[in-house]
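Visitor: Each residue of the first sequence is one higher than the one before, starting from 4 at the first, in my numbering.
For glycine and all other residues, C-beta sits at the position ideal for the given N, C-alpha and C.
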Amino acid sequence: MNKKTIIRTFEKIALYMELLGENPFKVGAFRKAANVLELDPRSLSEMDDILKLKGIGKGTGAVIIDLLEKGESDLLKELEHEVPKGLLPLLKVPGLGGKRIAKLRETLGIDSVESLRQACELNKVSELPGFGKKTEEKLLHELQQLGTRKEKLPVWQIESIVHAIEEELRRIPEITRFSVAGSFRRAEEMSSDVDFIIVTDNPAVVREKVVSALPVEETVAAGDAKLSIVLDMTDAVDVDFRFVTDEQFATALHHFTGSKDHNVKMRQLAKSKGMKISEYGVEQEDGTTKTFSSEKAFFKFFDLPYIPPSVRTNGTEIDRADEIAELVTVQDIRGDFHMHTTWSDGGYSIREMAEACRAKGYTHMVITDHTHYLKVANGLTPERVREQIAEIRKVNAEFDDIEIFCGTEMDILPDGTLDFEDDLLQELDFVIASIHSNFNQSQEQIMERLYAAMKNPYVHMIAHPTGRIIGQREGYNPDVMQLIEWAKEHHKILELNGNPHRFDLCTEYLVAAQEAGVKIAINTDAHAIDQLNYMDIAVNYAQKAWLKKETVVNTWPLEQFIREIIRK
DNA sequence: GCCGTTTTCGGCCCGACTGTTTTCAGTCG
C-alpha cells in the first residue's frame, strides 16, 4: 500500500458520492483528505500519525485502515457497485453537477451518456421538476460536443490567445485598465480557460464591443458583472471577463488569479480575523468594505509579503511567506545566455540582438548559435564559428554598457560525441550542449550522450535537458535525477529553457536541482527580438519551483559571471 | 465527513448567472 493509492481511493469515493448527489461538504471532505495526504511531504511509512492528521476523521480514517489491512476499501467497493460507471463522463458535461445527475438517475434511470441523449430526444428530461425545455436542448447540444474539445491547452497556445485578446481590449476606449488573471497569470503549464479583469464604468458597452471584436463561437453567460464566451481560435477556448470598478481591481485580480486553494486559504485567514474576502474587497466587522490600490497592499493588510501569482498554488505558500523575499524576480535578471542570430536560424543580427538586450537593461549576454550537425538550423562549421567570434568581438567593442560573450549551442550527436573539438570549444566563452536528434534512443544511450557533455571540461551548461514540448511531446526521457547528480559533480549549469513551448526543466526537477545545489540558468533561447521577452514568463515559471535568486546564474553580476563561470 | 480559545451542532469561501421558478436551486469558477 502506498500513499498514492490512498489518495486515489479518496478521489474516487468523492467522485462517486458526487454522482449520488451527496452533500457537497461530505464530498469535499474526502477531497480534502486526499489533499492533506498529497501536501504532506512524508511517505506512507514515515507517517505514524496518519489518522491524527487534520482533515482525517472517523470516515476517512476507516478507509485508510481498510486499505492498510485489506488492500481495498469496502466503502469504495459499495459505491462502485451502486453507481453505474457510465455516469462518470456526465460530470464533464457543462451544466450537469452531482445533484442533477443523481436526479436523472433516480427518476429516469439514466446510467450513461447514451441513455441521457435518448431521454432528451424523447423530451423526458424537460418534464422533470427543476428541468425545462432550455435545459434539455442545452444538454443535447453539450452531449454532441462531448469529447470533441480539448480540456486544457498548453501555455504557449494560451499565450498567443491572451496577446490577441489584449490587443483588442486596448482598442476599447471604455476600458480604463485590464489584466489577464487565472492560471495563465500563475504561469501554469496548461490552462482550461482564460480570465480577464476589466475596469470600466460601462460594462454593457464593453461587453458588446468585446463580443464583436473577437471570434465568438458561443456566449455562455452575459451579465453586468461578467461575460463568458467560447472563442473559436485554433482550438475552442473558454474566456471569462469580469467587469469591476477601479477600487475593486486589486481584490478582483487577486480573486480571479486564484488558485482556488490559495483563495480558500486567504479567506479562512480573513475569517479568523473577523473579516470576509470577496472579489470586491475585504468586508470588515463593522460592515464596511475595504479596497486596495494593489495586490501588494491587499497582502500587506494581512501581514503578508506580496505573494507572486506563480506560487499561489495549494495554500502552503502562505505558510512559506518568509521565503518569498529570496525568490528570483525578473528585476534580478542581468543577462540572457542562450539566443540565436542570422548566423544560424535566428531572425536578427548580432548587433540587433545586442541592442535589444541593452534595451532590457542587461549587463551581459551570450550569442549561442547552432553547430554544423544541425543542418536544418544552418548550424555553424568551425570556420564560421571563428568568423563569428571575430564579429562578436567587433560588435562588443562598440558598446560599453553591455558585454557580449561568444558562445555556442553545440549538438550532442547520436553516437555520444560532441559536434566540436576541444580546441575550438576553448576559444569560446560559454558552451551550451544540447540534444536535437534521435529522441527515440534508449534511456541508456541518451544518458551516455548527456554524460559526454557533462564530463567535457569546456561545456558550461546543458540546454533544455529533457527536450519536451508541453502538451505535444515527452522529450527524450533522460534520468533527470542522475543528470542533476552529474551536474553537481562536474559543476555544470542546467537550463530552465524559458520558451513557453518548453519550460525545460519542469518545476519538479528544478526543485530537485536547487536542493542538490545545482545552478540554473533561465534563458529565452530567443530566435527573434520579441522572444527575449519570454524572460518574464520564464522567471514566473521558475518561481513555481521556489528558485532562489542565488540559484539562478543570470542574476549574478557580470564580474561574478566571468570569475565563476567563464574563467572557472 | 470534519472541525472546535464563540467546541459536540452548525458551518464549511463567496458570488454571478441561468433557468426554472415566482423566491431559488444548481452549476461554475
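#1: Run through DSSP, which three-state label would Ala184 get?
#2: Roughly how many angstroms lie between the CA atoms of Ser215 and Lys61, to the nearest whole one?
#3: Please state the DSSP three-state secondary structure of Asp204.
#4: Excluding five sequence neighbours on each side, which residues of the same chain lie with their C-beta closer than 8 Å to the C-beta of Thr366?
#5: Which whole runs of the alpha helix (DSSP H) in the region 402-469 are 4 residues long or more, in chain order?
#6: Pairs of beta-carbons, one from the region 192-206 and one from the region 149-161, closer than 8 Å: are there three or more?
#7: Following the continuous beta strand (DSSP E) through Asn526, name the residue where it begins and the one where it ends.
#8: With a threshold of 6 Å on Cβ separation, who are the neighbours of His504 within its own chain once the five nearest residues in sequence on each side are excluded?
#9: Of the residues Gly410, Pro460, Ile465, which one's Cα is nearest the Cα of His439?
#10: Among Val223, Arg323, Val331, whose alpha-carbon lies nearest the alpha-carbon of Leu513?
#11: So Arg566 is in the alpha helix (DSSP H); what residue range does that whole segment cover?
#12: Hey, Met342 and Asp533 are a contact pair by Cβ (cut 8 Å); roughly how many whole angstroms apart?
#13: Measuring CB to CB, does Pro417 end up less than 8 Å from Gln444?
#14: Consider the C-beta atom of Pro460 and the heavy atoms of the ligand ADP; say whether any pair is separated by less than 7 Å.
#15: Near Phe433, what residues of its chain come up, given a Cβ to Cβ distance below 6 Å and the 5 sequence neighbours on each side ignored?
#16: Between Val213 and Lys303, what straight-line distance do the alpha-carbon atoms span, to the nearest angstrom?
#17: Does DSSP put Leu499 in a helix, a strand or coil?
#18: Does Ser334 pass the burial test, meaning 16 or more other C-beta atoms within 10 Å, or should it be called exposed?
#19: Looking only at its own chain, which residues have a Cβ that is under 6 Å from the Cβ of Ile17, when we skip the five neighbours before and after it?
#20: In the DSSP output, which residue or residues are listed as bridge partners for Ser281?
#21: Please list the segments of the alpha helix (DSSP H) lying wholly inside the region 46-111, counting only runs of 4 or more residues, in order along the chain.
#22: Taking just the CA atoms, how far does Met236 sit from Pro206?
#23: On the DSSP bridge list, what partners appear for Ala225?
#24: According to DSSP, is Met538 part of a helix, a strand, or is it coil?
#25: Taking the alpha-carbon positions, what's the Glu326 to Pro311 distance?
#26: Taking its Cβ as the centre, do 16 or more other Cβ atoms sit within 10 Å of Ala382, making it buried, or is it exposed?
#27: For Ile472, list the residues DSSP reports as bridge partners.
#28: Between which residues of its own chain and Ser115 is the CB-CB distance below 6 Å, once the five residues before and five after are set aside?
#29: Just the C-alpha distance for Ala300 and Leu107, rounded to the nearest angstrom, thanks.
#30: What's the call for Ile280, buried or exposed, on a 16-neighbour Cβ count within 10 Å?
#31: Rounding to the nearest angstrom, what Cα-Cα distance links Lys6 and Asp264 in this structure?
#32: For Asp533, name the three-state secondary structure that DSSP assigns.
#33: So, with DSSP's three-state summary, where would you put Met342?
#34: Just mark Ser437 as buried or exposed, buried being the case when its beta carbon has 16 or more other beta carbons within 10 Å.
#35: Whole angstroms is fine: what's the gap from Leu508's alpha carbon to Ala122's?
Guide: In brief:
#1: By one-based count along the first sequence, residue 184 stands at place 181. The answer is coil: DSSP assigns Ala184 none of H, G, I, E or B.
#2: As a working note, residue 215 is residue 212 in the first sequence. As a working note, residue 61 is residue 58 in the first sequence. Taking the straight line joining both Cα atoms gives about 55 Å.
#3: Position 201 of the first sequence, counted from the start, is the residue given in the question as residue 204. Reduced to three states, the DSSP call for Asp204 is coil.
#4: The count along the first sequence starts at 1 and reaches residue 366 at position 363. Here the set comprises Arg337, Gly338, Asp404, Ile405, Glu406, Pro560, Leu561.
#5: 425-430, 446-458
#6: yes
#7: For the purposes of this step, residue 526 is taken as residue 523 along the first sequence, with counting starting at 1. 523-526 is the extent of the beta strand (DSSP E) around Asn526.
#8: Against the first sequence, residue 504 aligns to sequence position 501. Hits under 6 Å: Trp159, Ile472.
#9: Taking the first residue of the first sequence as 1, we reach residue 439 at position 436. The option with the nearest alpha carbon to His439 is Ile465.
#10: For the purposes of this step, residue 513 is identified with residue 510 of the first sequence, where counting begins at 1. Nearest of Val223, Arg323, Val331 to Leu513, Cα basis: Val331.
#11: Stepping through the first sequence from its first residue, residue 566 is reached at position 563. Element bounds for Arg566: n/a, residue is neither H nor E.
#12: The residue given as residue 342 occupies position 339 in the first sequence. The residue given as residue 533 occupies position 530 in the first sequence. Actually they are not in contact, since the Cβ atoms of Met342 and Asp533 sit about 12 Å apart, beyond 8 Å.
#13: Stepping through the first sequence from its first residue, residue 417 is reached at position 414. Stepping through the first sequence from its first residue, residue 444 is reached at position 441. Yes.
#14: No copy of the ligand ADP occurs in the structure displayed, which carries no ligand at all.
#15: Start at 1 with the first residue of the first sequence, and residue 433 comes out as number 430. The answer, listed in chain order, is Val369, Phe408, Gly410, His463.
#16: As a position in the first sequence, residue 213 is number 210, starting the count at 1. As a position in the first sequence, residue 303 is number 300, starting the count at 1. Using only the alpha carbons, I get a separation of about 34 Å.
#17: Counted from its first residue, the first sequence places residue 499 at position 496. Residue state, collapsed to three classes: strand.
#18: The residue given as residue 334 occupies position 331 in the first sequence. Reading off the sequence, residue 334 comes out as Gln, not Ser. It is exposed - the Cβ of Gln334 has fewer than 16 other Cβ atoms within 10 Å.
#19: Numbered from its first residue, the first sequence carries residue 17 at position 14. In the sequence as presented, Ile is not what sits at residue 17; that position holds Ala. Here the set comprises Val30, Phe33, Arg34.
#20: On the first sequence, position 278 is the one that residue 281 refers to. Paired residue(s): Gly284.
#21: 61-73, 77-85, 101-111
#22: Locating residue 206 in the first sequence gives position 203, counting from the first residue. Locating residue 236 in the first sequence gives position 233, counting from the first residue. Approximately 24 Å, taken between the alpha carbons.
#23: Position 222 of the first sequence, counting from 1, holds the residue named residue 225. In DSSP, Ala225 forms a bridge with Leu230.
#24: For the purposes of this step, residue 538 is taken as residue 535 along the first sequence, with counting starting at 1. Three-state DSSP puts Met538 in a helix.
#25: On the first sequence, position 323 is the one that residue 326 refers to. On the first sequence, position 308 is the one that residue 311 refers to. Near 12 Å, if we compare the C-alpha coordinates of Pro311 and Glu326.
#26: Counting from one through the first sequence, the residue named residue 382 turns up at place 379. Position check: residue 382 holds Gly in this sequence, whereas Ala was assumed. Under this definition Gly382 is a buried residue.
#27: Translated into the one-based positions of the first sequence, residue 472 becomes position 469. Answer is Arg476, bridged to Ile472.
#28: Counted from its first residue, the first sequence places residue 115 at position 112. The residues are Gly89.
#29: Mapped onto the first sequence, residue 300 falls at position 297. Mapped onto the first sequence, residue 107 falls at position 104. In a straight line, the C-alpha of Ala300 is about 48 Å away from that of Leu107.
#30: Within the first sequence, numbered from 1, the residue matching residue 280 stands at position 277. Its Cβ being crowded by 16 or more others within 10 Å, Ile280 is buried.
#31: By one-based count along the first sequence, residue 6 stands at place 3. By one-based count along the first sequence, residue 264 stands at place 261. Going from the Cα of Lys6 to the Cα of Asp264 covers about 21 Å.
#32: Residue numbering aside, residue 533 sits at position 530 when the first sequence is read from its first letter. The answer is helix: DSSP assigns Asp533 an H, G or I state.
#33: Here the question's residue 342 lines up with position 339 in the first sequence. Strand, per DSSP.
#34: In the first sequence, the residue the question calls residue 437 occupies position 434. Label assigned to Ser437: buried.
#35: Working through the first sequence from its first residue, we reach residue 508 at position 505. Working through the first sequence from its first residue, we reach residue 122 at position 119. Distance between the alpha carbons of Leu508 and Ala122: 49 Å.
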